[in-house]
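Residue numbers (our numbering): 1 to 308. Where is the CB? At the ideal position from N, CA and C, for every residue including glycine. Report on one structure; see the data block that follows.
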């Protein structure tokens, strides 16, 4: 299994580190436009191999896409990160051109690759990748929902004062502060609904904290987060590499599912060796359906800014 990660910044390097430590890939290639940056990150990571006990080969390249040839999975993290006070949508003008160029360059050298899009605004960048590459929809996946759901579970465990392993929850909808929909009605602690343990007021606090999870970290760090996004991507890559068929909420191109068409948005998907192997349709109540429709409308509005 060969994995290419475009963008050797904090998210890309974190993703490479987690993939290497899990030791399921034979090779990871980091590629970046900044001279020597990917090579330096790769060398630094390789010097941890004997300490962390992995055999994955990590290499770096400055803008030479021939080094990415025959990749099985390509992770797109390139683009500028958010700054405090900036929305994900405000990144579109810069990041759209970057994402279109790098995905086309990857496909030229790796015609069978599965793409995982991380760059923001993520749902719109995933949609752009579909339009730019014209691949079967199972081969293009937006990462956002996996990260948002991890943040939801973190907030639930915090409120419940229990280990994260006790908790399960899912976030659907757009990967934005206003578009994501933490499904508190379906959240459980060891199969028991969380409303058996938490008040409605506390659950609302958890939901709202989840929705601004990225903005909260951006304010604290001065830039976008990287550990949790890197971990989310590595888990998705592992599910592809090992054909685990795990379920992740992720941005998938919808063609009638949930009554939506011609957009990428976060819904539960089974991820295996072929990428998205199944889109799972949840039995949403009327309020949740309305929220998903509102989120889809906002994503389509952002998509309208694209030149496709």
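Check whether the Cβ atoms of residue i and residue j sit closer than 8 Å, and answer yes or no.
{"i": "residue 56", "j": "residue 23", "result": "yes"}
{"i": "residue 139", "j": "residue 115", "result": "yes"}
{"i": "residue 296", "j": "residue 253", "result": "no"}
{"i": "residue 117", "j": "residue 68", "result": "no"}
{"i": "residue 62", "j": "residue 39", "result": "yes"}
{"i": "residue 264", "j": "residue 109", "result": "no"}
{"i": "residue 181", "j": "residue 291", "result": "yes"}
{"i": "residue 172", "j": "residue 142", "result": "no"}
{"i": "residue 194", "j": "residue 106", "result": "no"}
{"i": "residue 284", "j": "residue 96", "result": "no"}
{"i": "residue 19", "j": "residue 234", "result": "yes"}
{"i": "residue 298", "j": "residue 224", "result": "no"}
{"i": "residue 79", "j": "residue 8", "result": "no"}
{"i": "residue 240", "j": "residue 271", "result": "yes"}
So that I know if they touch, is there some Cβ in chain B lying closer than 8 Å to that of residue i?
{"i": "residue 47", "result": "Included in the structure is just one protein chain, with no chain B present."}
Does the beta-carbon of residue i have 16 or more other beta-carbons within 10 angstroms, so that it is buried, or is it exposed?
{"i": "residue 310", "result": "For residue 310 there is no data in the structure shown, the boundaries of the chain being 1 and 308."}
{"i": "residue 127", "result": "buried"}
{"i": "residue 148", "result": "buried"}
{"i": "residue 124", "result": "buried"}
{"i": "residue 64", "result": "exposed"}
{"i": "residue 43", "result": "exposed"}
{"i": "residue 184", "result": "buried"}
{"i": "residue 169", "result": "buried"}
{"i": "residue 120", "result": "buried"}
{"i": "residue 72", "result": "buried"}
{"i": "residue 303", "result": "buried"}
Got a sec, what are the start and stop residues for the beta strand (DSSP E) residue i sits in?
{"i": "residue 333", "result": "Here the chain covers residues 1 to 308 and nothing more, so residue 333 does not appear."}
{"i": "residue 30", "result": "27-32"}
{"i": "residue 52", "result": "Residue 52 -> not in any beta strand (DSSP E); alpha helix (DSSP H) instead, spanning 49-52."}
{"i": "residue 261", "result": "261-272"}
{"i": "residue 115", "result": "114-117"}
{"i": "residue 180", "result": "180-182"}
{"i": "residue 2", "result": "2-6"}
{"i": "residue 172", "result": "171-173"}
{"i": "residue 69", "result": "Taken as a continuous stretch (DSSP letters only), residue 69 belongs to no beta strand (DSSP E), as it is neither H nor E."}
Alpha carbon to alpha carbon, how far is residue i from residue j?
{"i": "residue 191", "j": "residue 35", "result": "50 Å"}
{"i": "residue 186", "j": "residue 245", "result": "21 Å"}
{"i": "residue 132", "j": "residue 280", "result": "26 Å"}
{"i": "residue 27", "j": "residue 17", "result": "12 Å"}
{"i": "residue 104", "j": "residue 74", "result": "11 Å"}
{"i": "residue 94", "j": "residue 76", "result": "15 Å"}
{"i": "residue 50", "j": "residue 256", "result": "49 Å"}
{"i": "residue 332", "j": "residue 154", "result": "A question about residue 332 goes unanswered here, because the residues of the chain that appear run from 1 up to 308."}
{"i": "residue 243", "j": "residue 218", "result": "34 Å"}
{"i": "residue 248", "j": "residue 66", "result": "31 Å"}
{"i": "residue 203", "j": "residue 14", "result": "31 Å"}
{"i": "residue 196", "j": "residue 212", "result": "25 Å"}
{"i": "residue 251", "j": "residue 274", "result": "16 Å"}
Under DSSP, the alpha helix (DSSP H) around residue i begins and ends at which residues?
{"i": "residue 44", "result": "37-46"}
{"i": "residue 123", "result": "122-133"}
{"i": "residue 12", "result": "10-22"}
{"i": "residue 283", "result": "Note, residue 283: premise wrong, no alpha helix (DSSP H); not H, not E."}
{"i": "residue 148", "result": "144-160"}
{"i": "residue 57", "result": "Unbroken run through residue 57 is the beta strand (DSSP E), 57-62; no alpha helix (DSSP H)."}
{"i": "residue 216", "result": "213-221"}
{"i": "residue 232", "result": "227-241"}
{"i": "residue 96", "result": "92-109"}
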